[in-house]
Amino acid sequence: LASDAAQELPSAGQGLGSAPALVFAAPGPPAEALSLRDLPAEGPPGSGQISVRFLLAPINPSDINTVEGKYPLSPPLPGVPGHEGVGRVTAVGPQVSEWHSARLSMPKGGAYRSMSGKCTTT
Numbered sequence: 007l008a009s010d011a012a013q014e015l016p017s018a019g020q021g022l023g024s025a026p027a028l029v030f031a032a033p034g035p036p037a038e039a040l041s042l043r044d045l046p047a048e049g050p051p052g053s054g055q056i057s058v059r060f061l062l063a064p065i066n067p068s069d070i071n072t073v074e075g076k077y078p079l080s081p082p083l084p085g086v087p088g089h090e091g092v093g094r095v096t097a098v099g100p101q102v103s104e105w106h107s108a109r110l111s112m113p114k115g116g117a118y119r120s121m122s123g124k125c126t127t128t
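Okay, so the sequence shown: first residue is 7 according to my numbering, each after it adds one.
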């Protein structure tokens, strides 16, 4: 998602009911398999978790291979591709001391969405 579009979304914990994401329900050619959908927000982070708003995510060859079903690792389907991306921490759960809101983060996986939901900090 373009960073301008992601910046227009409310931060986690501010009434976000859903967030856009590129989703695929079955492997196939990316132009046919991917669709833009609103996924439900997961709510505030729990103990040891943070919420992240993705700002940028590159298109990596492994992401294309994942959507095509040719990569050895794949998210559970329906899934959100994107092996890497960068985002900003929007909320911090209990027992998280090394992270704070507004800090940049590089969550693993599911980067083709605007909000990461909950990420563990370990």
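Where is the CB? At the ideal position from N, CA and C, for every residue including glycine.
In the same chain as residue 92, and ignoring 5 residues on each side of it, the C-beta atoms closer than 8 Å to its own belong to 60, 61, 62, 63, 110, 111, 112, in chain order.
The segment 58-96 contains, as complete alpha helix (DSSP H) runs of 4+ residues, the segments 67-74 (chain order).
Residue 101 counts as exposed, since fewer than 16 other C-beta atoms from the protein chains shown sit within 10 angstroms of its C-beta.
Residue 25 has its alpha-carbon roughly 14 Å from the corresponding atom of residue 50. DSSP places residue 36 in the helix class (H, G or I) of the three-state scheme.
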